[in-house]
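K.L.:
The opening position of the sequence shown corresponds to residue -5 in our numbering, with each subsequent residue numbered one higher. Beta carbons: idealized from backbone N, C-alpha and C, even for Gly. Sending over a structure as structure tokens; questions will come in a sec.
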Amino acid sequence: MRLSSRNANPPRVQTRGHKSPLENPRFPTGGFVKIRAYAKINLFLDVLAKRSDGYHDIFSVMQSVSLHDELVISKTARGVHLKCSDLTLPTDGRNLVVKAADALVRECDIREGIDIVLTKRIPAGAGLAGGSSNCAAALAGINELFNLQIPHERLLKIAKTLGADVPFCLVGGTATVEGIGEKITPTEPHPPCYIVIAIPEIHVSTPETFARLNAKNFNNAQAREKFLDACDKKIVSQIAKSLYNVFTPITATHFPEISDLILRFQSLGAEGAEMSGTGSAVFAYFADETSAKAAVRSINCRAFLCSPIQRKDSP
């Protein structure tokens, strides 16, 4: 993973001819796009230092996985309109999808309206970047639908203004992420494997978790070197044993469900298990599909069987 390669995974756009995930509308002659928004997990996450502006510099290796939401984006007469299958989520300007659409309307002076239908599968607030991934997918899909021809670098700059994880979600695949999330380096693709993601019924506050960080835990160079060495060898079992998240003991102190899930995965034969982001999602690597499916059935909370996502043309 240390070697840079073309492993960018922009949200996959499928063109005309697809039904809406929520309904069966008659799309206008301007057409529509259907686009997947993939979840991410943090295979490695460390904090390097606290910045003078109050934010933290991080070093992370992020990975897109096959768990995804879907957006259907079409043209309409005027305005930006969002429908969502999850009725608990806002559909106004508080939603990152609407913010992404509004940003492109301003950037490109789009005169037509935009209708977006969002089907949610990625649990919200779980450290899987569901909202950020939806935002990135909206940027890519609107760029495609209106033939805006915004260069990828420009789209990345817009993404950076919308959220820390949005730039990675626009790139996707496997990548190192540094700074406050804006420095992204695509890396060698993750080898194929079976990953189970479990979501306990807890709510973790990201600001509160960052506030509990202790500077003595920053910059674990030994853990980073171990993880990167495992990635260089591309041996899944070694990668699984080298997973690291500086926030896991912090979150687990206040939410023992995190530790319980990791131990439960280990008892089910996981090769390694770790938390994603500041929580609450916990993911685990399994050696084969049979044991991974058995783990999904055995976990007493929402669980998903996933695989790493990369570009089709990646080696």
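Are the beta-carbon atoms belonging to ALA95 and ALA130 less than 8 Å from one another?
P.N.:
As a first step, residue 95 is located in the sequence shown; it is residue number 101 there, counting from the start. As a first step, residue 130 is located in the sequence shown; it is residue number 136 there, counting from the start. For ALA95 and ALA130, no; Cβs fall outside 8 Å.
K.L.:
Use the C-beta contact count for THR155: other C-beta atoms within 10 angstroms, 16 or more gives buried, fewer gives exposed.
P.N.:
Reading the sequence shown from its first residue, position 161 is the one you call residue 155. Exposed, because fewer than 16 other Cβ atoms sit within 10 Å of the Cβ of THR155.
K.L.:
Between which two residues does the alpha helix (DSSP H) harbouring SER292 extend?
P.N.:
Locating residue 292 in the sequence shown gives position 298, counting from the first residue. Taken as a continuous stretch (DSSP letters only), the alpha helix (DSSP H) holding SER292 covers 283 to 292.
K.L.:
So, helix, strand or coil for THR272, using DSSP?
P.N.:
Within the sequence shown, numbered from 1, the residue matching residue 272 stands at position 278. Residue state, collapsed to three classes: coil.
K.L.:
Pull up the CB-CB distance for ALA224 and ILE233, whole angstroms please, since I reckon it's below 8 Å.
P.N.:
Counting from 1 along the sequence shown, the entry for residue 224 is found at position 230. Counting from 1 along the sequence shown, the entry for residue 233 is found at position 239. Right, the Cβ-Cβ distance comes to about 5 Å (below 8 Å), so this counts as a contact.
K.L.:
Which residue comes first and which comes last in the alpha helix (DSSP H) that contains GLU147?
P.N.:
For the purposes of this step, residue 147 is taken as the residue at position 153 of the sequence shown. Start and end: 146 to 154.
K.L.:
SER127 and ALA31: beta carbons closer than 8 Å?
P.N.:
On the sequence shown, residue 127 is found 133 positions in, with the first residue counted as 1. On the sequence shown, residue 31 is found 37 positions in, with the first residue counted as 1. Yes, these two residues count as a Cβ contact at 8 Å.
K.L.:
In angstroms with no decimal places, state the Cα-to-Cα distance between SER79 and LEU112.
P.N.:
Residue 79 sits at position 85 when you count from the first residue of the sequence shown. Residue 112 sits at position 118 when you count from the first residue of the sequence shown. For SER79 and LEU112, the distance between alpha carbons rounds to 6 Å.
K.L.:
Taking the Cβ atom as the reference point for each residue, do SER231 and GLU265 lie within a distance shorter than 8 Å?
P.N.:
In the sequence shown, residue 231 corresponds to position 237, counting from 1. In the sequence shown, residue 265 corresponds to position 271, counting from 1. Cβ atoms of SER231 and GLU265: closer than 8 Å.
K.L.:
Buried or exposed for ASN239, please, with buried defined as at least 16 other CB atoms from any protein chain shown within 10 angstroms of its CB.
P.N.:
Counting from one through the sequence shown, the residue named residue 239 turns up at place 245. Counting Cβ neighbours within 10 Å, ASN239 comes out buried, since at least 16 surround it.
K.L.:
Keeping to the same chain, check which residues put their C-beta closer than 6 Å to that of HIS184; ignore five residues upstream and five downstream.
P.N.:
Working through the sequence shown from its first residue, we reach residue 184 at position 190. So the qualifying residues of the chain are GLN57, THR168, PRO302.
K.L.:
Can you give the Cα-Cα distance for CYS102 and LEU90, rounded to whole angstroms?
P.N.:
Position 108 of the sequence shown holds residue 102. Position 96 of the sequence shown holds residue 90. Cα to Cα, the separation comes out at about 18 Å.
K.L.:
So the candidates are PRO250, PHE249, LYS28; which of them puts its Cα closest to the Cα of ILE136?
P.N.:
As a working mapping, residue 136 is identified with position 142 in the sequence shown. Considering only alpha carbons, the answer is LYS28.
K.L.:
With respect to the alpha helix (DSSP H) encompassing THR200, which residues constitute its N-terminal and C-terminal limits?
P.N.:
Reading the sequence shown from its first residue, position 206 is the one you call residue 200. Per DSSP, THR200 is one residue of the alpha helix (DSSP H) stretching across 200 to 205.
K.L.:
Which residue wins for smallest C-alpha separation from SER60, given the options PRO186, LEU255, ALA118?
P.N.:
Here residue 60 is taken as the residue at index 66 of the sequence shown, counted from 1. Ranking PRO186, LEU255, ALA118 by Cα distance to SER60 puts PRO186 first.
K.L.:
Assuming contact is defined by CB atoms lying nearer than 8 Å, are ARG148 and ASP40 in contact in what I supplied?
P.N.:
What you label residue 148 is simply residue 154 of the sequence shown in a count that begins at 1. What you label residue 40 is simply residue 46 of the sequence shown in a count that begins at 1. When the beta-carbon positions are compared, ARG148 and ASP40 stay at least 8 Å from each other.
K.L.:
What did DSSP end up calling ASN36 once you bin it into helix, strand or coil?
P.N.:
As a working note, residue 36 is residue 42 in the sequence shown. Correct three-state label for ASN36: strand.
K.L.:
Is the beta carbon of ALA297 sitting closer than 8 Å to the one on LEU262?
P.N.:
Walking along the sequence shown from the start, residue 297 turns up at place 303. Walking along the sequence shown from the start, residue 262 turns up at place 268. Taking C-beta atoms as the reference points, ALA297 and LEU262 fail to come closer than 8 Å.
K.L.:
In its own chain, which residues sit with a C-beta less than 8 Å from the C-beta of PHE221, not counting the 5 before and 5 after it?
P.N.:
Here residue 221 refers to the residue found at position 227 when the sequence shown is read from its first residue. Hits under 8 Å: LEU37, PHE38, VAL55, ILE233, SER236, LEU237, TYR238.
K.L.:
The alpha helix (DSSP H) that contains HIS248, what's its start and end?
P.N.:
Within the sequence shown, residue 248 is the residue found at index 254, counting from 1. Its alpha helix (DSSP H) spans residues 242 to 248.
K.L.:
Can you round the beta-carbon distance between LEU139 and GLY25 to whole angstroms, since I take them to be within the 8 Å contact cut?
P.N.:
Along the sequence shown, read from residue 1 onward, the residue named residue 139 stands at position 145. Along the sequence shown, read from residue 1 onward, the residue named residue 25 stands at position 31. LEU139 to GLY25, Cβ: 7 Å. Contact.
K.L.:
Assuming ILE191 is part of the beta strand (DSSP E), what are its boundary residues?
P.N.:
Position 197 of the sequence shown holds residue 191. Start and end: 188 to 193.
K.L.:
What are the boundary residues of the beta strand (DSSP E) that ARG296 is part of?
P.N.:
Within the sequence shown, numbered from 1, the residue matching residue 296 stands at position 302. Per DSSP, ARG296 belongs to the beta strand (DSSP E) from 296 to 300.
K.L.:
In this structure, how does DSSP classify VAL66 when only helix, strand and coil are distinguished?
P.N.:
What you label residue 66 is simply residue 72 of the sequence shown in a count that begins at 1. In the three-state DSSP reduction, VAL66 falls in the strand class (E or B).
K.L.:
Should VAL190 and PHE249 be called a contact, given that it needs their Cβ atoms to be closer than 8 Å?
P.N.:
Counted from its first residue, the sequence shown places residue 190 at position 196. Counted from its first residue, the sequence shown places residue 249 at position 255. No, these two residues do not count as a Cβ contact at 8 Å.
K.L.:
Where does PRO180 sit, in a helix, a strand or coil, going by DSSP?
P.N.:
As a working note, residue 180 is residue 186 in the sequence shown. Three-state result, PRO180: strand.
K.L.:
Decide if ALA205 is buried, meaning its Cβ has at least 16 other Cβ atoms within 10 Å, or exposed.
P.N.:
Locating residue 205 in the sequence shown gives position 211, counting from the first residue. Residue burial annotation: ALA205 is exposed, with fewer than 16 other C-beta atoms found within 10 angstroms of its C-beta.
K.L.:
For a test of the three-state rule: what should DSSP assign to GLY11, helix, strand or coil?
P.N.:
For the purposes of this step, residue 11 is taken as the residue at position 17 of the sequence shown. Caution applies to GLY11, whose pLDDT of 35 falls short of 50 and renders its modelled position unreliable; the value that the coordinates give is listed next. Coil at GLY11, not helix or strand.
K.L.:
Is GLN260 buried or exposed, if buried means 16 or more other CB atoms sit within 10 Å of its CB?
P.N.:
Numbered from its first residue, the sequence shown carries residue 260 at position 266. With fewer than 16 other Cβ atoms within 10 Å, it is exposed.
K.L.:
In whole angstroms, give me the CA-to-CA distance for LEU164 and TYR188.
P.N.:
Indexing the sequence shown from 1 puts residue 164 at position 170. Indexing the sequence shown from 1 puts residue 188 at position 194. Each residue's Cα considered, the two are about 23 Å apart.
K.L.:
Would you mind giving the Cβ-Cβ distance between ASP51 and GLY125, rounded to the nearest angstrom? I have them listed as a contact below 8 Å.
P.N.:
Here residue 51 corresponds to residue number 57 of the sequence shown, with the count starting at 1. Here residue 125 corresponds to residue number 131 of the sequence shown, with the count starting at 1. The pair is not a contact, with the Cβ atoms about 23 Å apart (cut-off 8 Å).
K.L.:
So, using beta-carbon positions, are THR203 and ILE256 closer together than 8 Å?
P.N.:
Your numbering for residue 203 matches position 209 in the sequence shown. Your numbering for residue 256 matches position 262 in the sequence shown. No. Outside cutoff.
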